[in-house]
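K.L.:
The structure follows.
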Ligand SMILES: [Mn+2]
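In this note's numbering, the protein residues as written are 868 to 1128.
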């Protein structure tokens, strides 16, 4: 039977977590291993300079969960390297409270957990929901349903090595969702600004604040798809090489070091 590891970056109390785990129980054996607190925008972490702890707990619905003191990517590594005894076939990370579009991927704990899966030889799927609304339980269920669809497709078709799926689901009632769009990564526009304040001892401290990011509405991108009411599924590769630039750079003059001439 397929063994599915469910993790997230919003921590053990995230509303999307038990909903995702429950939806995936129809697809295989589900083990849940998550961070104890919220790591959103925590990026890809490998904890190397302090020990990690892990303990058993229960999710809000009473189902078992292994909680760790590490990051989402640590949870995946811990589980696959032996904390969870049964070999992991596929890691599903989410359902994240908020989208992971465009350059968000480089910040995302949700997506980097799926990257860690791929690095460790399992399949990886990240699932995010676009707007974390207060009464979003139904929307989480819709997102979890699409995660199950993606798990079935990935198990049937297999992804190439080094490739994971990044899924974003609009926060809409299921009947309003127009279907699945396979997309490319789009462009985010961040509106960050530095907020400087003074602490009670008279020293400055800083927040990176600003309005929520927007995006460029280019067709067939992740940002475009969710803005049009589609579920966006983007295949993402861990090979970050800029191939067009690589080709061009071999034509540059590298002086005495040139081996391409
Ligand atoms: Mn998050």
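Every residue gets a Cβ at the ideal spot worked out from N, C-alpha and C, and that includes glycine.
(1) Do residue 981 and ligand 1 come close, with the Cβ less than 7 Å from some heavy atom?
(2) Does at least one heavy atom of ligand 1 sit under 7 Å from the Cβ of residue 1063?
(3) Which one of 927, 940, 923 and 943 has the shortest CA to CA distance from residue 934?
(4) Cβ of residue 977 versus every heavy atom of ligand 1: is any distance shorter than 7 Å?
(5) Can we say the region 1048-1064 touches the region 1002-1018, given the rule of at least three CB pairs closer than 8 Å?
(6) Considering just the uninterrupted stretch of the alpha helix (DSSP H) at residue 1019, what are its terminal residues?
(7) Quick check: what's the CA-CA separation for residue 989 versus residue 1065?
(8) For residue 930, which of helix, strand or coil comes out of DSSP?
(9) Does the distance from the CB of residue 1050 to the CB of residue 1081 come in under 8 Å?
(10) Alpha carbons only, please: which of 1077, 960 and 1041 is nearest the one belonging to residue 1006?
(11) Taking residue 871 as the reference, which of 1034, 887, 1044 and 1109 has the closest Cα?
(12) For a quick check, are the C-beta atoms of residue 1044 and residue 1096 less than 8 Å apart?
(13) Near ligand 1, which residues have their beta-carbon closer than 5 Å to a heavy atom?
P.N.:
Taking the coordinates as given:
(1) As a working mapping, residue 981 is identified with position 114 in the chain shown. Because no heavy atom of ligand 1 lies under 7 Å away, the Cβ of residue 981 does not count as near it: no.
(2) The residue you call residue 1063 lines up with position 196 of the chain shown. It does not: the Cβ of residue 1063 is nowhere closer than 7 Å to a heavy atom of ligand 1.
(3) Translated into positions along the chain shown, residue 934 becomes position 67. When each option's Cα is compared against that of residue 934, the closest is 923.
(4) Numbered from its first residue, the chain shown carries residue 977 at position 110. Checking every heavy atom of ligand 1 against the Cβ of residue 977, one is found closer than 7 Å.
(5) no
(6) By one-based count along the chain shown, residue 1019 stands at place 152. Segment 1004-1024, the alpha helix (DSSP H) holding residue 1019.
(7) Position 122 of the chain shown, counting from 1, holds the residue named residue 989. Position 198 of the chain shown, counting from 1, holds the residue named residue 1065. The alpha-carbon atoms of residue 989 and residue 1065 are separated by roughly 47 Å.
(8) Position 63 of the chain shown, counted from the first residue, corresponds to residue 930. In this structure, residue 930 counts as coil in the three-state DSSP scheme.
(9) Start at 1 with the first residue of the chain shown, and residue 1050 comes out as number 183. Start at 1 with the first residue of the chain shown, and residue 1081 comes out as number 214. Against a cut-off of 8 Å, the Cβ pair of residue 1081 and residue 1050 comes out as no contact.
(10) Working through the chain shown from its first residue, we reach residue 1006 at position 139. Nearest option by C-alpha distance: 1041.
(11) Start at 1 with the first residue of the chain shown, and residue 871 comes out as number 4. Among 1034, 887, 1044 and 1109, the Cα nearest to that of residue 871 belongs to 887.
(12) By one-based count along the chain shown, residue 1044 stands at place 177. By one-based count along the chain shown, residue 1096 stands at place 229. Yes. Within cutoff.
(13) 876, 877, 907 and 963
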